[in-house]
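*Asks:* Counting in the numbering used here, the sequence shown runs from 19 upward without gaps.
All residues carry an ideal CB built from backbone N, CA and C; glycine is no exception.
Fair warning: this is a prediction, and the values are worked out from it, not measured in the lab.
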Amino acid sequence: MSIRKKVVISNLLTFLLPVVIGILSLYIASNAVEERFVYEDHFEIIQRIEQNILEEDFEKVIENVKEIEAGGYSVKLILDNDTSYESENYNEYSDKVIGEYFNNVNKSEYTIINESGEASCIKLFGNDSSSNDNINYLYMVSTQTRVTLEEQNETIAKDKQFIMKIILFVLVAIVSAVILTTSVMTFIILRSILRPLNVLREGTNQIKEGNLHFEIDYPNDDEFGDVCKDFDDMREKLLNSKEEKERYENNRKELIAGITHDLNTPLTSIKGFTSGLLEGIIDTKEKQIRYLENINQTADQMSKMINELFLYSTLDMNGVSFNFISTDLVDFFEGCISEISSEFSKNNIYIHFITELEMAEVQIDWMHFKRVVLNIIKNSAKYKKDGIGNIYITLSEYGELYNISFADDGMGITKDEITNIFDPFYRADKSRNQQTGGAGLGLAIVKNIVNAHNGSIRVNEKYNDGLELIISLPKAGLKVMEEGN
Numbered sequence: 019m020s021i022r023k024k025v026v027i028s029n030l031l032t033f034l035l036p037v038v039i040g041i042l043s044l045y046i047a048s049n050a051v052e053e054r055f056v057y058e059d060h061f062e063i064i065q066r067i068e069q070n071i072l073e074e075d076f077e078k079v080i081e082n083v084k085e086i087e088a089g090g091y092s093v094k095l096i097l098d099n100d101t102s103y104e105s106e107n108y109n110e111y112s113d114k115v116i117g118e119y120f121n122n123v124n125k126s127e128y129t130i131i132n133e134s135g136e137a138s139c140i141k142l143f144g145n146d147s148s149s150n151d152n153i154n155y156l157y158m159v160s161t162q163t164r165v166t167l168e169e170q171n172e173t174i175a176k177d178k179q180f181i182m183k184i185i186l187f188v189l190v191a192i193v194s195a196v197i198l199t200t201s202v203m204t205f206i207i208l209r210s211i212l213r214p215l216n217v218l219r220e221g222t223n224q225i226k227e228g229n230l231h232f233e234i235d236y237p238n239d240d241e242f243g244d245v246c247k248d249f250d251d252m253r254e255k256l257l258n259s260k261e262e263k264e265r266y267e268n269n270r271k272e273l274i275a276g277i278t279h280d281l282n283t284p285l286t287s288i289k290g291f292t293s294g295l296l297e298g299i300i301d302t303k304e305k306q307i308r309y310l311e312n313i314n315q316t317a318d319q320m321s322k323m324i325n326e327l328f329l330y331s332t333l334d335m336n337g338v339s340f341n342f343i344s345t346d347l348v349d350f351f352e353g354c355i356s357e358i359s360s361e362f363s364k365n366n367i368y369i370h371f372i373t374e375l376e377m378a379e380v381q382i383d384w385m386h387f388k389r390v391v392l393n394i395i396k397n398s399a400k401y402k403k404d405g406i407g408n409i410y411i412t413l414s415e416y417g418e419l420y421n422i423s424f425a426d427d428g429m430g431i432t433k434d435e436i437t438n439i440f441d442p443f444y445r446a447d448k449s450r451n452q453q454t455g456g457a458g459l460g461l462a463i464v465k466n467i468v469n470a471h472n473g474s475i476r477v478n479e480k481y482n483d484g485l486e487l488i489i490s491l492p493k494a495g496l497k498v499m500e501e502g503n
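#1: In the DSSP assignment, the alpha helix (DSSP H) including residue 322 goes from what residue to what residue?
#2: Going by DSSP, what residue range makes up the alpha helix (DSSP H) through residue 460?
#3: Mark residue 253 as exposed unless 16 or more other C-beta atoms lie within 10 angstroms of its C-beta, in which case mark it buried.
#4: With contact counted as at least three CB pairs below 8 angstroms, one residue from each stretch, are the stretch 470-484 and the stretch 415-430 in contact?
#5: Going straight from the alpha carbon of residue 289 to that of residue 272, what length do you get?
#6: DSSP state of residue 42, grouped into three classes?
#7: Just to confirm the assignment, what range does the alpha helix (DSSP H) spanning residue 487 have?
#8: Tell me which residues share the same chain as residue 383 and place their Cβ nearer than 7 angstroms to its Cβ, disregarding the 5 neighbours each side in the sequence.
#9: Considering only DSSP beta bridges, list what residue 476 is partnered with.
#10: DSSP three-state call for residue 34: helix, strand or coil?
#11: In chain order, which continuous runs of the beta strand (DSSP E) of length 3 or greater are located wholly inside the stretch 57-101?
#12: Between the beta-carbon of residue 420 and the beta-carbon of residue 465, is there less than 8 angstroms?
#13: What would DSSP say about residue 286, mapped onto helix, strand or coil?
#14: Just the C-alpha distance for residue 146 and residue 82, rounded to the nearest angstrom, thanks.
#15: Could you tell me how far apart the beta carbons of residue 86 and residue 63 are, in whole angstroms, since I believe they sit closer than 8 angstroms?
#16: So the alpha helix (DSSP H) residue 230 belongs to, where does it begin and stop?
#17: Going by the beta-carbon positions, is the gap between residue 431 and residue 367 smaller than 8 angstroms?
#18: Rounded C-beta distance between residue 477 and residue 390? I'm assuming under 8 angstroms.
#19: Could you check if residue 210 is buried or exposed, using at least 16 other CB atoms within 10 Å of its CB as the buried criterion?
#20: Could you say if the stretch 248-262 and the stretch 206-225 meet the contact criterion of at least three C-beta pairs nearer than 8 angstroms?
#21: Provide the residue(s) that pair with residue 495 in DSSP beta bridges, ordered along the chain.
#22: Please determine, among 187, 406, 393 and 442, the residue with the shortest C-alpha to C-alpha distance to residue 265.
#23: Buried or exposed: residue 231, going by 16 or more other Cβ atoms within 10 Å of its Cβ?
#24: With distances taken from CA atoms, which of 462, 479, 404 and 406 is nearest residue 436?
#25: Quick one: what's got a C-beta closer than 8 angstroms to residue 258's C-beta in the same chain, skipping five residues either side?
#26: On the DSSP bridge assignment, give the partners of residue 370 in chain order.
#27: Do you know whose CA, among 238, 459 and 360, lies nearest residue 328's CA?
#28: In the DSSP assignment, find the unbroken alpha helix (DSSP H) run with residue 435 in it and report its ends.
#29: Taking its Cβ as the centre, do 16 or more other Cβ atoms sit within 10 Å of residue 452, making it buried, or is it exposed?
#30: For the beta strand (DSSP E) that contains residue 343, what are its first and last residues?
#31: Tell me the DSSP bridge mates of residue 415?
#32: For residue 242, which residues of its own chain have a beta-carbon under 6 angstroms away from its beta-carbon, when the five flanking residues on both sides are left out?
#33: Select from 369, 392, 192 and 236 the residue whose C-alpha is nearest the C-alpha of residue 406.
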């Protein structure tokens with residue numbers, strides 16, 4: 019649940035729960051008051067009695083009178099000056115009360131109640147309302163214990179205290195509900211905030227100490243969950259950046275070591291040849307020419323190495339301009355292989371082009387893509403087995419892509435080397451002998467050029483007869499495709 023929803027629910031509960039508890043408290047208090055103060059309203063019953071008299075339904079009259087009697091009164095009903103009903107507990111005391119308060123009063127009064135409130139004389143409508151001699155009366159005398167005025171005042175004071183207790187109880191219940199609800203919801207919301215903050219604080223401390231190998235553990239699906247996820251993504255990017263920086267640093271060190279080694283060997287050769295010439299050790303014209311040819315060949319090798327390094331650096335910094343033109347790969351490979359096959363065949367390297375396509379149109383830069391082909395073929399030639407080496411270039415269609423397979427029957431590489439084969443300055447041959455040569459930039463240059471063509475290159479791990487590299491290029495007019503297709 020999001021923190022926003024928790025805050026909304028908290029506010030609603032903070033309002034609704036005290037209201038509900040207040041209503042329940044009032045209900046409980048009202049029951050208590052009802053139990054303490056029993057109030058009987060006889061006005062409705064008297065109206066029914068009058069109606070029964072008018073209708074001359076005297077059975078109903080008696081039933082209603084008995085209902086008043088059940089309320090704690092001794093009752094005497096006089097109809098047309100005759101006693102029609104008298105309670106069993108209507109005794110001399112009742113007559114005395116009636117005699118004291120009602121015999122000498124004006125009988126035209128509708129209702130008269132004595133000072134203590136224990137007796138009532140109610141004038142009822144009768145058949146003859148024109149004469150005071152035939153008036154119907156209902157005498158009601160309370161059967162409860164008679165109390166004094168002082169006792170009544172004391173009871174009233176106690177009743178006021180009881181009411182104040184009820185009010186206090188309701189107020190305390192409402193205030194307690196507000197405090198409890200606010201405290202609980204505040205605790206829940208604070209925990210929802212403080213827990214992820216502690217997780218983030220721990221994460222920042224880990225990063226501050228240089229440790230990026232940890233994970234943010236916060237599974238909740240709320241706003242802080244998104245923040246923690248973004249924080250963990252940032253940590254992963256920092257880790258990848260750090261690892262990439264370390265990898266490039268290692269590559270740089272390998273570059274320095276490799277270039278130093280590869281340059282030192284030809285420089286030593288050149289120095290040896292020039293020393294021999296300067297010291298006059300080479301005394302024949304034929305030997306001098308051979309020494310000069312060796313010097314020239316070694317210098318060319320150094321120049322190619324430096325040019326490769328410059329090209330890779332330029333590609334890596336996106337400093338190379340490409341001239342993409344629509345090209346038929348069938349014509350491209352047929353022409354390219356025809357041009358270079360004779361040179362490689364001198365070293366027993368034979369190139370075979372295989373395709374069932376009549377045309378495969380893509381957008382490529384001729385010069386740079388030709389370097390891709392040459393670098394891959396040269397790499398296969400370096401690591402061929404003894405004797406004859408074969409390189410099979412297969413062009414095929416794969417959905418919206420064209421796949422170009424370069425498969426050789428050379429020494430191949432191990433699975434551990436697959437992840438590094440396209441890294442700059444990496445060579446499967448760790449000895450760096452002069453037979454293979456190079457600084458390990460060939461396939462790194464290939465990958466950069468292929469990426470610039472919106473393509474991808476990968477190693478076929480299932481190929482066991484040597485090394486197979488697969489380049490995938492989008493058909494002419496299509497956008498970038500994902501690596502690995």
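*Replies:* According to the structure data:
#1: 303-334
#2: 460-470
#3: buried
#4: yes
#5: 25 angstroms
#6: helix
#7: Looking at the DSSP string, residue 487 is not in any alpha helix (DSSP H); the run it does join, the beta strand (DSSP E), is 486-492.
#8: 340, 341 and 342
#9: 488
#10: helix
#11: 91-97
#12: no
#13: helix
#14: Residue placement at residue 146 cannot be trusted, given a pLDDT of 47 that sits under 50; what the coordinates show is reported in the next sentence. Cα to Cα, the separation comes out at about 21 angstroms.
#15: 6 angstroms
#16: Unbroken run through residue 230: none, as it is neither H nor E.
#17: no
#18: Contact doesn't hold; Cβ gap of about 15 angstroms is too wide.
#19: buried
#20: yes
#21: Answer by DSSP bridge pairing: none, since residue 495 is not bridged.
#22: 442
#23: exposed
#24: 479
#25: none
#26: 410
#27: 459
#28: 433-436
#29: With a pLDDT of only 46 at residue 452, under the threshold of 50, the placement of this residue in the model should not be trusted, and no figure is reported.
#30: 343-346
#31: 420
#32: 214
#33: 369
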